[in-house]
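Here the sequence shown stands for residues 263 to 578, where the numbers follow this note's numbering. We treat Cβ as the ideally placed atom computed from N, Cα and C, and that holds for glycine. Since the structure is predicted, the reported quantities are computational estimates derived from the model, not experimental observations.
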Amino acid sequence: MNTDWQSYFTFLPLRFTFRAQEDFPVPAYLGAMLRGAFGYAFRREVCLTRKESCEGCILRQDCTYSRIFETPLPPDATVMRKYNSIPRPFVFSPPRGLGRSIHAGDQLDFGLTLFGSACGSLAYIILVLQSVAQHGLGAKRGRCELEQVSLGDTLLFAPNQDLILPAPLSARQYLEHSPCPTGPLHMHFLSPLRLKTAGKINHAPQFRDIYSTLLRRFSLLCTFHCGHSPDIPFKDMLTAAESVHLNSQLSWQAQQRYSTRQHDSMSIGGLLGTASIEQLPPDLWPLLKLGTVLHIGKNATFGLGEYALDTVQRQP
Numbered sequence: 263m264n265t266d267w268q269s270y271f272t273f274l275p276l277r278f279t280f281r282a283q284e285d286f287p288v289p290a291y292l293g294a295m296l297r298g299a300f301g302y303a304f305r306r307e308v309c310l311t312r313k314e315s316c317e318g319c320i321l322r323q324d325c326t327y328s329r330i331f332e333t334p335l336p337p338d339a340t341v342m343r344k345y346n347s348i349p350r351p352f353v354f355s356p357p358r359g360l361g362r363s364i365h366a367g368d369q370l371d372f373g374l375t376l377f378g379s380a381c382g383s384l385a386y387i388i389l390v391l392q393s394v395a396q397h398g399l400g401a402k403r404g405r406c407e408l409e410q411v412s413l414g415d416t417l418l419f420a421p422n423q424d425l426i427l428p429a430p431l432s433a434r435q436y437l438e439h440s441p442c443p444t445g446p447l448h449m450h451f452l453s454p455l456r457l458k459t460a461g462k463i464n465h466a467p468q469f470r471d472i473y474s475t476l477l478r479r480f481s482l483l484c485t486f487h488c489g490h491s492p493d494i495p496f497k498d499m500l501t502a503a504e505s506v507h508l509n510s511q512l513s514w515q516a517q518q519r520y521s522t523r524q525h526d527s528m529s530i531g532g533l534l535g536t537a538s539i540e541q542l543p544p545d546l547w548p549l550l551k552l553g554t555v556l557h558i559g560k561n562a563t564f565g566l567g568e569y570a571l572d573t574v575q576r577q578p
């Protein structure tokens, strides 16, 4: 199989550390809160026209906010022509297990992964998240301080040092020390998985459903944000995925978020737990492994559809 895509698919898996300056309540799922605050701060800090909507704005194709947060369909696009926007080039990985309150002095660590061209906007992203911290999080606008930004063990930014602009990682670098497992493989879903099949939420996905969603997401991110349409045999890969049996121990977890745009509560519930595979065809491994970075399914930018892979069956 052609693996050129492993060189040109690039990303930055960043870690941000906030320090709470006061006590404040937070929702059960922090991903929606982080993504919402990020969007409002991004528009506030970057938008030049101060319009209420990006629709019809002369700067829409060139604006950093629009390209990253409300990503418009390029005029010369040959796919997704019926859509007004395309997948956003970022995903949050919110902290888990913090409870419903943050206290003064608490550390709030979360991940934010940028894909392709968005990696070149790191300085803007840090500026925006500094603004998020200063203006506050949650319904009570709890103030924080951005303490640091890191990439693995490398400190990229802190208030007392200049920003280091790193080279993005390639998929090839990410995959080079991760050979395909030869035995059983377990997918541990760390945040709710929301897959749609035939327009409806799929409560019992098969492996092909999961893999086809991953293939589509990867292909669109690659095409629109990495400058290449991947040359991979989609039909052959889906045929191989059809033969993979999934032993699912996934269960539905109901969850809500409040949309300030729609002024209403919205479901972000999904499947959590472990799904096991007896033997994965080796050609399917690279993208399945990369999917731990991409996330899959609905609301991926919130951090939904995040999974980990290993060969050890975890206890529920």
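### Message
Runs of 4 residues minimum, wholly inside the region 363-435: which ones carry the alpha helix (DSSP H) assignment?
### Response
384-397
### Query
What span of residues does the beta strand (DSSP E) with PHE352 cover, start to end?
Looking up residue 352 in the sequence shown gives position 90. PHE352 -> beta strand (DSSP E) spans 352-355.
### Query
Thinking C-alpha only, which one of ASP368, ILE539, LEU556 and ARG350 is nearest PRO357?
Along the sequence shown, one-based indexing puts residue 357 at 95. Cα-wise, what sits closest to PRO357 is ASP368.
### Query
Touch check for the region 285-295 and the region 388-406: three-plus C-beta pairs under 8 Å?
yes
#### Entry: 6 Å CB neighbourhood of SER491 in its chain, flanking five on each side removed
Working through the sequence shown from its first residue, we reach residue 491 at position 229. Around SER491: THR485.
### Query
Alpha carbon to alpha carbon, what distance is there between LEU550 and VAL394?
In the sequence shown, the residue the question calls residue 394 occupies position 132. In the sequence shown, the residue the question calls residue 550 occupies position 288. Using only the alpha carbons, I get a separation of about 33 Å.
### Task
Mind checking who MET499 pairs with in its DSSP beta bridge?
Counting from one through the sequence shown, the residue named residue 499 turns up at place 237. For MET499, which the question treats as bridged, DSSP gives no partner whatsoever.
### Query
So what's HIS490 in DSSP terms, helix, strand or just coil?
In the sequence shown, counting from the first residue as 1, residue 490 sits at position 228. Here HIS490 sits in coil by DSSP.
### Task
Say whether the region 550-565 touches the region 460-480, bearing in mind that this needs 3 or more beta-carbon pairs closer than 8 Å, one atom from each stretch.
yes
### Query
Thinking just about the alpha-carbon of each residue, which of LEU476, ALA570 and PRO467 is nearest to the one in HIS448?
Mapped onto the sequence shown, residue 448 falls at position 186. Measuring from the Cα of HIS448, the nearest candidate turns out to be ALA570.
### Query
Using the beta-carbon count (16 or more within 10 Å), is GLY565 buried or exposed?
To locate residue 565, count along the sequence shown from 1; it is residue 303. Flag for GLY565 reads buried.
### Message
Please return the same chain residues whose Cβ sits closer than 7 Å to the Cβ of VAL341, not counting the five positions on each side in sequence.
### Response
Taking the first residue of the sequence shown as position 1, residue 341 is located at position 79. If we look at VAL341 and ignore the five residues flanking it on each side, its Cβ neighbours are THR485.
### Task
Classify SER529 as helix, strand or coil using the three-state DSSP reduction.
Within the sequence shown, numbered from 1, the residue matching residue 529 stands at position 267. SER529: strand per DSSP, three-state reduction.
### For CYS319, the nearest candidate out of LEU370, PRO334, SER505 and GLY382 (CA to CA)
Residue numbering aside, residue 319 sits at position 57 when the sequence shown is read from its first letter. Minimum Cα distance to CYS319 is reached at PRO334.
### Per-residue DSSP class, three states only, for SER474
Position 212 of the sequence shown holds residue 474. Residue state, collapsed to three classes: helix.
### Query
THR416: buried (16+ other C-beta within 10 angstroms of its C-beta) or exposed?
Working through the sequence shown from its first residue, we reach residue 416 at position 154. Counting Cβ neighbours within 10 Å, THR416 comes out exposed, since fewer than 16 surround it.
### Exposure label - GLY378; buried when at least 16 CB within 10 Å
Locating residue 378 in the sequence shown gives position 116, where the first residue counts as 1. When all chains shown are included, GLY378 counts as buried.
### Message
For a test of the three-state rule: what should DSSP assign to ARG479, helix, strand or coil?
### Response
Locating residue 479 in the sequence shown gives position 217, counting from the first residue. Reduced to three states, the DSSP call for ARG479 is helix.
### Query
Rounded to a whole number of angstroms, what is the C-alpha to C-alpha distance between PHE271 and GLY414?
Within the sequence shown, numbered from 1, the residue matching residue 271 stands at position 9. Within the sequence shown, numbered from 1, the residue matching residue 414 stands at position 152. Distance between the alpha carbons of PHE271 and GLY414: 19 Å.
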